[in-house]
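Residue numbers (the numbering used here): 196 to 623. Even glycine gets a Cβ: it sits at the ideal position worked out from N, Cα and C.
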Ligand code: CMC
């Protein structure tokens with residue numbers, strides 16, 4: 196590896212240190228660039244910019260590798276539970292049995308939300324998108340726990356906010372659905388594990404007992420694990436940026452939820468299913484839609500394809516594809532959308548346009564099929580993503596605080612008018 200980088204500007208050379216991560220990722224440390232040279236860097240979309248040093252998640256987009264705290268995603272998805280992975284991400288190590296029991300117990304104890312939060316639901320239109328409600332209500336927790344905005348919270352106080360957020364998001368998420376359906380809300384049950392309790396709150400009715408299916412619990416655990424962190428993506432960077440101003444954990448995560456909702460980010464999972472339904476409604480000719488995606492005069496994109504960092508394959512998509520087959524087979528579901536998805540994937544993977552641009556199915560491509568199979572309605576898909584991503588957001592927020600990172604404040608290259616004098620309205 197080079198010992199330093201040299202930048203030559205106006206005939207003068209400036210050396211900059213080069214740093215290397217534990218997985219040999221290399222970076223030029225330009226912290227002093229502007230002070231020394233008067234120049235800044237410009238990198239639209241941050242395609243080449245490392246925003247932080249982080250010890251949480253490693254991903255190699257070229258090799259299709261994803262690891263949380265060093266543990267391969269494949270092993271975690273197969274052998275761990277969502278709550279164990281949440282602990283791993285947030286506290287940096289796999290918990291002992293006692294630590295896991297205590298963490299699960301703490302979360303279970305805090306799943307009730309203040310009755311006044313319930314009242315806020317009444318103010319939303321019944322057709323409101325669940326992501327709009329989720330982000331608002333997560334932000335509203337700052338109002339219920341005003342001490343959470345203090346910039347100098349102790350470790351115990353931060354832990355309490357972490358537990359509250361992990362616990363209450365599942366209740367609020369399930370209630371967004373119930374509210375949307377006009378159904379009575381279910382209160383959490385302390386005798387159930389995290390995923391079972393969420394399914395119970397989503398699907399139980401006072402008139403009908405909901406039988407918790409262990410196959411569905413297992414599929415949900417897997418999906419949440421696969422979404423749990425993904426280093427410095429759009430929503431996580433948002434959480435860190437908002438948090439860097441010493442905003443509360445709830446406010447920072449609420450901002451992340453809004454970023455995730457975008458159709459180019461987590462909102463893509465809803466878009467994928469709607470796209471598959473549109474193809475089905477149109478007669479099922481996938482080649483027509485492949486042609487549309489390639490047409491530069493058509494704004495249509497193949498949702499669930501392509502990724503900013505994965506340029507070989509998305510390891511999460513591989514696991515989800517297999518899980519989709521297993522879940523559908525186990526539940527005896529024959530979903531015609533799965534067939535369309537498979538056809539689309541096959542066509543795209545053999546098409547020059549997609550090969551050239553390294554566009555592969557991403558995590559969102561098959562997740563919707565599983566969500567649909569386990570009864571989650573399409574509008575809730577991105578809420579499910581948020582539920583899964585929460586431990587990652589928390590871990591990244593906490594790391595940013597513990598590392599005492601400075602407030603995030605990018606520079607710009609101004610391209611507007613230079614100074615000019617104000618002109619009265621009658622002279623314009
Ligand atoms: N369908 C058709 N063409 C595409 C697609 C697609 N899904 N994705 C990228 N391209 C083309 C794009 O038109 C461009 O072509 P050209 O070089 O001829 O102009 C080229 O591929 C590079 O695209 P880009 O937009 O510069 O790539 P990016 O890294 O900025 O964007 C992306 C990545 C994920 C936003 C994009 O691939 C996309 O819009 N995919 C569909 C939405 C989606 O599935 N998002 C979920 C991402 S995974 C989960 C998550 O992170 O939340």
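| query | Where do the ends of the alpha helix (DSSP H) carrying residue 264 lie? | reply | Here residue 264 refers to the residue found at position 69 when the chain shown is read from its first residue. No alpha helix (DSSP H) holds residue 264; DSSP gives it neither H nor E.
Does the pairing of the region 449–468 with the region 352–361 give three or more beta-carbon distances under 8 Å?
no
Among 568, 421, 454, the one whose alpha carbon lies nearest that of residue 432
Translated into positions along the chain shown, residue 432 becomes position 237. Per the Cα distances, 454.
Are residue 409 and residue 396 close, meaning C-beta to C-beta below 9 Å? Your numbering for residue 409 matches position 214 in the chain shown. Your numbering for residue 396 matches position 201 in the chain shown. It is not a contact, given that the beta carbons lie outside the stated cut-off.
Practice problem: Leaving out five residues on either side along the sequence, give the residues of the same chain with a beta carbon under 6 Å from the beta carbon of residue 576. | Solution: Mapped onto the chain shown, residue 576 falls at position 381. Same-chain partners within the cutoff: 464, 465, 563, 566.
Query - Check whether residue 568 and residue 414 have beta carbons under 9 Å apart - result: For the purposes of this step, residue 568 is identified with residue 373 of the chain shown, where counting begins at 1. For the purposes of this step, residue 414 is identified with residue 219 of the chain shown, where counting begins at 1. Taking 9 Å as the Cβ cut-off, residue 568 and residue 414 qualify as a contacting pair.
- Task: Might you give, ordered along the chain, the residues of its own chain that have their beta carbon closer than 6 Å to the beta carbon of residue 298, omitting 5 neighbours on each side?
- Result: In the chain shown, counting from the first residue as 1, residue 298 sits at position 103. For residue 298, where only same-chain residues beyond five positions count, the Cβ hits under 6 Å are 282.
**Prompt:** To the nearest whole angstrom, what separates the beta carbons of residue 439 and residue 603, a pair I think is in contact under 8 Å?
**Reply:** Position 244 of the chain shown, counted from the first residue, corresponds to residue 439. Position 408 of the chain shown, counted from the first residue, corresponds to residue 603. Residue 439 to residue 603, Cβ: 4 Å. Contact.
Between the beta-carbon of residue 398 and the beta-carbon of residue 405, is there less than 9 Å? Within the chain shown, numbered from 1, the residue matching residue 398 stands at position 203. Within the chain shown, numbered from 1, the residue matching residue 405 stands at position 210. A contact, by the Cβ cut-off of 9 Å.
Quiz item: Which residue's Cα is closest to the Cα of residue 474: 535, 381, 294, 326?
Solution: Stepping through the chain shown from its first residue, residue 474 is reached at position 279. Ranking the options by Cα distance to residue 474, first place goes to 535.
Worksheet entry | For residue 223, the residue or residues it bridges with in DSSP | On the chain shown, residue 223 is found 28 positions in, with the first residue counted as 1. DSSP links residue 223 through a beta bridge to 213.
Could you check whether the Cβ of residue 488 sits closer than 8 Å to any heavy atom belonging to the ligand MN? Of the ligands one can find in the structure shown, namely the ligand CMC, none is the ligand MN.
Review point. Among all the DSSP beta bridges, which residues are the ones paired with residue 254?
Key: Residue mapping note: residue 254 aligns to position 59 of the chain shown, counting from 1. In DSSP, residue 254 forms a bridge with 261.
By how many angstroms is the C-alpha of residue 457 removed from the C-alpha of residue 450?
Position 255 of the chain shown, counted from the start, is the residue given in the question as residue 450. Position 262 of the chain shown, counted from the start, is the residue given in the question as residue 457. Residue 450 and residue 457: Cα-Cα distance of roughly 12 Å.
request  = Please name the residue or residues paired with residue 403 in a DSSP beta bridge.
outcome  = If you number the chain shown from 1, residue 403 lands on position 208. Listed as beta-bridge partners of residue 403 by DSSP are 400.
Practice task
May I have a chain-ordered list of the alpha helix (DSSP H) segments no shorter than 4 residues that lie completely inside the region 415–454?
Solution key: 429–438
- Should residue 207 go down as buried or exposed, given a rule of 16 or more other Cβ atoms within 10 Å for buried? Taking the chain shown and counting its residues from 1, one reaches residue 207 at position 12. Under this definition residue 207 is an exposed residue.
- request: Please confirm if the region 255–267 is in contact with the region 306–317, defined as three or more CB-CB distances below 8 Å between the two stretches.
  value: With a cut-off of 8 Å, the region 306–317 and the region 255–267 do not count as touching, because too few Cβ pairs lie within range.
Taking 6 Å as the limit between beta carbons, can you name the residues of its chain near residue 417, skipping five residues before and five after? Along the chain shown, one-based indexing puts residue 417 at 222. If we look at residue 417 and ignore the five residues flanking it on each side, its Cβ neighbours are 272, 518.
Report task. Could you tell me whether any non-hydrogen atom of the ligand CMC is closer than 8 Å to the CB of residue 255? Result -> By 1-based counting over the chain shown, the position of residue 255 is 60. Flag unset: Cβ of residue 255 not near the ligand CMC.
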